[in-house]
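Visitor: Numbering (my numbering), first residue to last: 3 to 335. The beta carbon of each residue, even a glycine, is placed where N, CA and C say it ideally should be.
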Amino acid sequence: MTLNLNIVELCVLFFCAVSLGIVIHFFITSRRNLKGSTVETDRIKKSVDDWKLKYFNEVEVRDKEVSELKSHLSEAEENNHIYEIEMEELRKQERKMQSDLDLAHRPGARENKPNYIEELRTAQRSLLEHNEKINHLLENIEVFKDNEEKQKSIEDENEGLMRQVKELKQLVSQKESEIHNIRQKESVTKEMTSMLDSAYSEFNTLQSKIQKLEGQLSSSKMVSLEYEDLKEAYHKALRENEEFKAKLQALTVDSQQLTLQLNEAEDKFREANFQRQQLQKRVSYLEELNNDLQVVADANKKLEHQLKRIGELESMLNVISEENDLLKTQANP
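1) Applying the 10 Å Cβ sphere with the 16-neighbour rule, what's the burial state of Leu-374?
2) Buried or exposed: where does Leu-336 fall if 16 or more other Cβ atoms within 10 Å of its Cβ makes it buried?
3) When you compare only the Cα positions, how much space is there between Leu-240 and Gln-277?
4) Looking at C-alpha atoms only, which residue of Glu-157, His-182, Lys-94, Ser-73 is the closest neighbour of Leu-260?
5) Compute the distance between the beta-carbons of Glu-150 and Ala-301, then report whether it is under 8 Å.
6) Relative to the C-alpha of Asp-199, which candidate in Arg-97, Ile-84, Glu-169, Thr-254 has its C-alpha closest?
7) If you compare alpha carbons, which of Arg-64, Glu-204, Thr-31, Ala-19 is closest to Ile-156?
8) Using the C-alpha atoms, what's the distance from Arg-185 back to Thr-191?
9) Use the C-beta contact count for Leu-328: other C-beta atoms within 10 angstroms, 16 or more gives buried, fewer gives exposed.
10) Is the CB-CB distance between Ile-322 and Ile-136 below 8 Å?
11) Apart from the five residues just before and just after Tyr-236, which ones in its own chain have a Cβ nearer than 7 Å to its Cβ?
12) Note down the Cα distance separating Lys-94 from Glu-70, rounded to an integer number of angstroms.
13) Just how far apart, CA to CA, sit Glu-242 and Glu-188?
14) Are Met-89 and Gln-308 close, meaning C-beta to C-beta below 8 Å?
15) Give the C-beta separation of Asn-292 and Gln-153 to the nearest angstrom, bearing in mind that I take them to be a contact with Cβ-Cβ under 8 Å.
16) To the nearest angstrom, how far is it from the Cα of Phe-16 to the Cα of Met-197?
17) Here's a check: name, in chain order, each residue in its chain whose Cβ is nearer than 6 Å to the Cβ of Lys-247, leaving out the five neighbours to either side.
18) Going by other Cβ atoms of all chains shown within 10 Å of its Cβ, with 16 needed for buried, is Asn-326 buried or exposed?
19) Buried or exposed: where does Arg-284 fall if 16 or more other Cβ atoms within 10 Å of its Cβ makes it buried?
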């Protein structure tokens, strides 16, 4: 009787020691996993903050470039208006000189020859001034060509941004599918946790039954065969308890990892939405700028046509000056 009670007490003490060791091991491993997850989370947040800072700096630089291009565009429009006014003045002077030439070809023009020569001199001076203005216009055409090259680069950048928007949309869809999978895993983890809780309750009921049997063993002198069966059932329950605890530990670690992955995926999803909004704003800005530059290109083509007309007028004026020289030589035999 005394020997049987000592064995039961040793078994109970062994079970308590094993349970205490499992609890301590589970507590230490859970703390390590939590520390590792917090370090990884801090590292991810730091990288995300660095990327955000880099992105905002790039957006600020692009906004400055867009504002500078808009200012250049407004200056080009003003210059174009001024050039149109100057072209109108040139047309008026051309008509005036044509009328003077018509008067010179009429009879009786030789009587007013000194005034006509003076007018030709003033016309030559005005032609020199117009040549200077034409040179200035040619320089402005070079500026317009530079603006066209900038427009092409902006269009290329716009296409690149559209490709980035498509890639971000694909990334968002992938992250949504990952979040859905993580939530499914989390639901499975909850089901396994509930199953383990029910297994723990069954184990506790079994342990209470074992304690009752131990009490009956101390009071009713059970035979050794029944004691061996009880001992075997006890060890079996102990092994099942260890297996359930190992499964619970693995499921707890998986649940923590899935929770961290879910939080990370949600952060990336919000960041992707923010990036998509910023890119849409930039695309709208670049489209407006593209339209403005298209207007400048049309004005540039119109100005080139007007410059061709000025060249024709200059050739006509040269012919007129040659005719005037011929008339002068004929008037002074």
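Guide: Answer, in terms of the structure:
1) Given that the chain is displayed from residue 3 to residue 335, the structure contains no residue 374 and the question cannot be resolved.
2) One cannot answer for residue 336 here, as it falls past the ends of the chain, which runs 3 to 335.
3) Taking the first residue of the sequence shown as position 1, residue 240 is located at position 238. Taking the first residue of the sequence shown as position 1, residue 277 is located at position 275. So the two alpha carbons sit approximately 55 Å from each other.
4) Taking the sequence shown and counting its residues from 1, one reaches residue 260 at position 258. Distances from the alpha-carbon of Leu-260 to those of Glu-157, His-182, Lys-94, Ser-73 put His-182 closest.
5) Working through the sequence shown from its first residue, we reach residue 150 at position 148. Working through the sequence shown from its first residue, we reach residue 301 at position 299. Not in contact: Glu-150 and Ala-301 (Cβ atoms no closer than 8 Å).
6) Start at 1 with the first residue of the sequence shown, and residue 199 comes out as number 197. Taking only the C-alpha atoms, the option nearest Asp-199 is Thr-254.
7) Taking the sequence shown and counting its residues from 1, one reaches residue 156 at position 154. Proximity to Ile-156 across Arg-64, Glu-204, Thr-31, Ala-19 peaks at Arg-64, based on C-alpha coordinates.
8) Counted from its first residue, the sequence shown places residue 191 at position 189. Counted from its first residue, the sequence shown places residue 185 at position 183. Using only the alpha carbons, I get a separation of about 10 Å.
9) To locate residue 328, count along the sequence shown from 1; it is residue 326. By the neighbour-count rule (16 or more Cβ atoms within 10 Å), Leu-328 is not buried but exposed.
10) Position 320 of the sequence shown, counted from the start, is the residue given in the question as residue 322. Position 134 of the sequence shown, counted from the start, is the residue given in the question as residue 136. No, the Cβ-Cβ distance between Ile-322 and Ile-136 is not below 8 Å.
11) By one-based count along the sequence shown, residue 236 stands at place 234. Residues of the same chain with a CB within less than 7 Å of the CB of Tyr-236, apart from the 5 flanking positions on each side, are Cys-13, Ile-212 in chain order.
12) In the sequence shown, counting from the first residue as 1, residue 94 sits at position 92. In the sequence shown, counting from the first residue as 1, residue 70 sits at position 68. A direct Cα-to-Cα measurement between Lys-94 and Glu-70 gives close to 37 Å.
13) The residue you call residue 242 lines up with position 240 of the sequence shown. The residue you call residue 188 lines up with position 186 of the sequence shown. About 25 Å.
14) The residue labelled residue 89 in the question sits at position 87 within the sequence shown. The residue labelled residue 308 in the question sits at position 306 within the sequence shown. Closer than 8 Å, so yes.
15) The residue given as residue 292 occupies position 290 in the sequence shown. The residue given as residue 153 occupies position 151 in the sequence shown. Going by Cβ atoms, the distance from Asn-292 to Gln-153 rounds to 7 Å, so yes, they are a contact pair.
16) Position 14 of the sequence shown, counted from the first residue, corresponds to residue 16. Position 195 of the sequence shown, counted from the first residue, corresponds to residue 197. Phe-16 and Met-197 have their C-alpha atoms some 26 Å from each other.
17) By 1-based counting over the sequence shown, the position of residue 247 is 245. The residues are Ile-24.
18) Along the sequence shown, one-based indexing puts residue 326 at 324. Here Asn-326 is buried. Its C-beta has 16 or more other C-beta atoms within 10 Å.
19) Here residue 284 corresponds to residue number 282 of the sequence shown, with the count starting at 1. Buried is the call here.
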